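Below is one structure; the comments refer to it alone.
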Amino acid sequence: MHTERDHFWLPEGISLQHGRERRADSQKQTRRLYGEDCGEGLGTAMTVEIKPAGDLPESIALSLDAPSYGNCENSGPILVPRPRIEAQGSNTDSSESLAMSGSWPLKNSIAGAGAGCVSSIVTCPLDVVKTRLQYQGVLAEKYQKSGYKPYRGTLCTLQRIVAEEGPRGLYRGLAPMMMGYLPTWGIYFAAYESLKREFSANTWLSVGPTAVHVMSAIGAGASTSLLTNPIWVLKSRFMTQSAFTDYRYTSMWHAVRMIYSAEGLHGFYKGLGSSLLGSTHVAVQFPLYEFLKHWMHVDSEHQLESSRILLASAVSKMVASSATYPHEVIRTRLQNQSAPPYKYKGILHAIRLIYHEEGAAAFYRGLPTNLIRTVPASMMTLLTYELLIRLL
Numbered sequence: 047m048h049t050e051r052d053h054f055w056l057p058e059g060i061s062l063q064h065g066r067e068r069r070a071d072s073q074k075q076t077r078r079l080y081g082e083d084c085g086e087g088l089g090t091a092m093t094v095e096i097k098p099a100g101d102l103p104e105s106i107a108l109s110l111d112a113p114s115y116g117n118c119e120n121s122g123p124i125l126v127p128r129p130r131i132e133a134q135g136s137n138t139d140s141s142e143s144l145a146m147s148g149s150w151p152l153k154n155s156i157a158g159a160g161a162g163c164v165s166s167i168v169t170c171p172l173d174v175v176k177t178r179l180q181y182q183g184v185l186a187e188k189y190q191k192s193g194y195k196p197y198r199g200t201l202c203t204l205q206r207i208v209a210e211e212g213p214r215g216l217y218r219g220l221a222p223m224m225m226g227y228l229p230t231w232g233i234y235f236a237a238y239e240s241l242k243r244e245f246s247a248n249t250w251l252s253v254g255p256t257a258v259h260v261m262s263a264i265g266a267g268a269s270t271s272l273l274t275n276p277i278w279v280l281k282s283r284f285m286t287q288s289a290f291t292d293y294r295y296t297s298m299w300h301a302v303r304m305i306y307s308a309e310g311l312h313g314f315y316k317g318l319g320s321s322l323l324g325s326t327h328v329a330v331q332f333p334l335y336e337f338l339k340h341w342m343h344v345d346s347e348h349q350l351e352s353s354r355i356l357l358a359s360a361v362s363k364m365v366a367s368s369a370t371y372p373h374e375v376i377r378t379r380l381q382n383q384s385a386p387p388y389k390y391k392g393i394l395h396a397i398r399l400i401y402h403e404e405g406a407a408a409f410y411r412g413l414p415t416n417l418i419r420t421v422p423a424s425m426m427t428l429l430t431y432e433l434l435i436r437l438l
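Count along the sequence shown starting at 1, add 46, and that's the number in my numbering.
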């Protein structure tokens with residue numbers, strides 16, 4: 047057996063043996079680590095021997111089976127760059143590794159889709175409020191002589207929607223929202239975990255875990271935006287439609303037909319540029335989430351440390367949302383342009399025009415509502431994902 051890289055970060059008391067393959071055996075002080083299981087590209091035929099027998103703290107022993115993030119100290123999890131292995135029977139080993147670890151892309155997709163479904167149902171009312179607040183600058187200018195009254199704050203907007211449209215108004219766009227969140231999180235988590243493994247496995251890419259997380263988050267975010275942008279256009283149209291909008295859709299399929307008829311295929315990809323720019327959001331959120339999980343020692347697959355996961359997801363989401371919120375305002379404005387002449391001709395034009403007409407505060411309109419919605423949504427999404435990934 048041959049390895050191209052042999053530098054590792056290990057807890058004290060653990061050594062690696064090369065050139066031998068042993069199956070996991072709870073009666074021995076030897077375990078086999080599978081790369082798909084550990085999330086940072088562990089080799090499929092590396093053997094870890096625990097020494098001395100019986101003297102190793104349980105927290106370190108558990109970390110051998112845990113997802114691992116970072117260069118760790120004595121009691122932390124392990125980060126091992128996956129070696130390039132050339133050996134007979136490697137196909138069998140790879141299949142066996144995949145089956146035993148269970149961390150194949152479908153597993154990540156199912157867990158991500160389930161998490162997105164739960165989150166979308168619970169947070170839909172606040173998403174409607176946030177979207178109305180983001181878009182009202184356009185409506186206020188267009189219909190200021192027709193009696194249009196802007197929304198005032200989160201609570202007042204909630205009350206007004208219920209008064210004017212009934213409770214059902216708070217769930218406008220739920221169908222496309224669920225159709226969006228299921229594939230979005232399913233694609234995102236599968237791509238994110240796969241990219242982490244690939245970046246960690248490349249011998250020519252000698253970067254630390256933080257850089258791996260940033261690159262993986264950006265790649266996963268960009269691919270997800272390309273595949274799901276049409277769904278988010280539908281969601282945004284449904285949530286903003288009212289007596290003052292140019293469009294009025296009776297169902298999701300009616301919206302698809304109307305958008306395609308009036309705007310062509312391009313209509314489903316409005317706001318894509320700002321969505322791709324929004325990959326900076328996950329480039330902040332997920333590396334920070336991974337760092338906080340490692341810092342708080344959330345490193346066991348056998349016990350779900352809910353409070354720490356909730357705290358890590360809340361802090362990372364709050365920081366990322368506050369730092370990158372303006373792109374959401376721009377995306378909402380671009381996606382809801384349904385009929386020419388279009389007010390905004392692109393991202394840069396939208397930035398200049400919004401700033402000139404409404405001031406810098408317009409880029410943060412709806413931010414409190416967004417945080418009220420997205421922070422609990424992120425907490426629920428990531429906690430559900432961590433739970434499902436352990437159950438699958």
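No residue lacks a Cβ here, since even glycine has one placed at the ideal position from N, Cα and C. All values derive from a computational prediction rather than experimental measurement.
Original post:
Count the other CB atoms within 10 Å of the CB of residue 278; is the residue buried (16 or more) or exposed (fewer)?
Top reply: buried
**OP:** Would you decide whether residue 292 is buried or exposed? Buried here means 16 or more other CB atoms lie within 10 Å of its CB.
**Re:** exposed
Original post:
Residues in its own chain within less than 6 Å of residue 232 by CB, not counting five upstream and five downstream?
Top reply: 155, 158, 159
**OP:** Give the straight-line distance between the Cα atoms of residue 267 and residue 281, rounded to the nearest whole angstrom.
**Re:** 18 Å
Original post:
Rounded to whole angstroms, how far is the Cβ of residue 180 from the Cβ of residue 375, which I believe are closer than 8 Å?
Top reply: 5 Å
Subject >> residue 438 (DSSP reduced to helix, strand or coil) >> reply: coil
**OP:** Rounded to whole angstroms, what's the CA-CA distance from residue 256 to residue 331? Just pull it up for me.
**Re:** 12 Å
Original post:
What's the gap between the Cα of residue 223 and the Cα of residue 276?
Top reply: 11 Å
Original post:
Measuring CB to CB, does residue 390 end up less than 7 Å from residue 396?
Top reply: yes
Subject >> residue 394 burial status per 10 Å Cβ neighbour count (16 or more: buried) >> reply: exposed
Original post:
Quick one: what's got a C-beta closer than 6 Å to residue 265's C-beta in the same chain, skipping five residues either side?
Top reply: 241
Original post:
Which residues in the same chain have their Cβ closer than 7 Å to the Cβ of residue 418, if we skip the five residues on either side of it in sequence?
Top reply: 172, 200
Original post:
At what residues does the alpha helix (DSSP H) containing residue 253 begin and finish?
Top reply: Where residue 253 is concerned, there is no enclosing alpha helix (DSSP H), given that its DSSP letter is neither H nor E.
Original post:
In three-state terms, what does DSSP make of residue 87?
Top reply: With a pLDDT of 41 at residue 87, under the threshold of 50, the modelled position of this residue cannot be trusted, and the question is left open.
Original post:
Of all the options 364, 162, 367, which has the alpha carbon lying nearest to the alpha carbon of residue 221?
Top reply: 162
Original post:
From residue 320 to residue 237, what distance separates their C-alpha atoms?
Top reply: 20 Å
Original post:
Is the Cβ-Cβ distance between residue 195 and residue 415 less than 7 Å?
Top reply: no
**OP:** With a floor of 4 residues, list each alpha helix (DSSP H) that falls wholly inside the region 347-433, ordered by position along the chain.
**Re:** If only uninterrupted alpha helix (DSSP H) runs of at least 4 residues are considered, those enclosed by the region 347-433 are 352-370, 372-381, 393-404.
Original post:
Distance, Cα to Cα, residue 314 vs residue 272?
Top reply: 11 Å
Subject >> Where residue 203 sits in the DSSP three-state scheme >> reply: helix
Subject >> residue 316 (DSSP reduced to helix, strand or coil) >> reply: Under the three-state reduction of DSSP, residue 316 is assigned to coil, being neither helix nor strand.
Original post:
Buried or exposed: where does residue 202 fall if 16 or more other Cβ atoms within 10 Å of its Cβ makes it buried?
Top reply: exposed
Subject >> Boundaries (first-last residue) of the alpha helix (DSSP H) holding residue 198 >> reply: Per DSSP, residue 198 belongs to no alpha helix (DSSP H) and is neither H nor E.
Subject >> Inter-residue spacing [alpha-carbon to alpha-carbon] between residue 168 and residue 423 >> reply: 8 Å
Original post:
How should residue 324 be labelled, buried or exposed, when 16 other C-beta atoms within 10 angstroms of its C-beta is the threshold for buried?
Top reply: buried
Original post:
With a Cβ-Cβ cutoff of 7 Å, do residue 218 and residue 174 count as a contact?
Top reply: In contact: residue 218 and residue 174 (Cβ atoms closer than 7 Å).
**OP:** Determine the direct distance from the alpha carbon of residue 178 to that of residue 269, and round the result to whole angstroms.
**Re:** 27 Å
**OP:** Would you please state the rounded distance, in angstroms, between the beta carbons of residue 362 and residue 338? I believe it to be under 8 Å.
**Re:** 6 Å
Original post:
Looking at C-alpha atoms only, which residue of 365, 355, 182 is the closest neighbour of residue 404?
Top reply: 182
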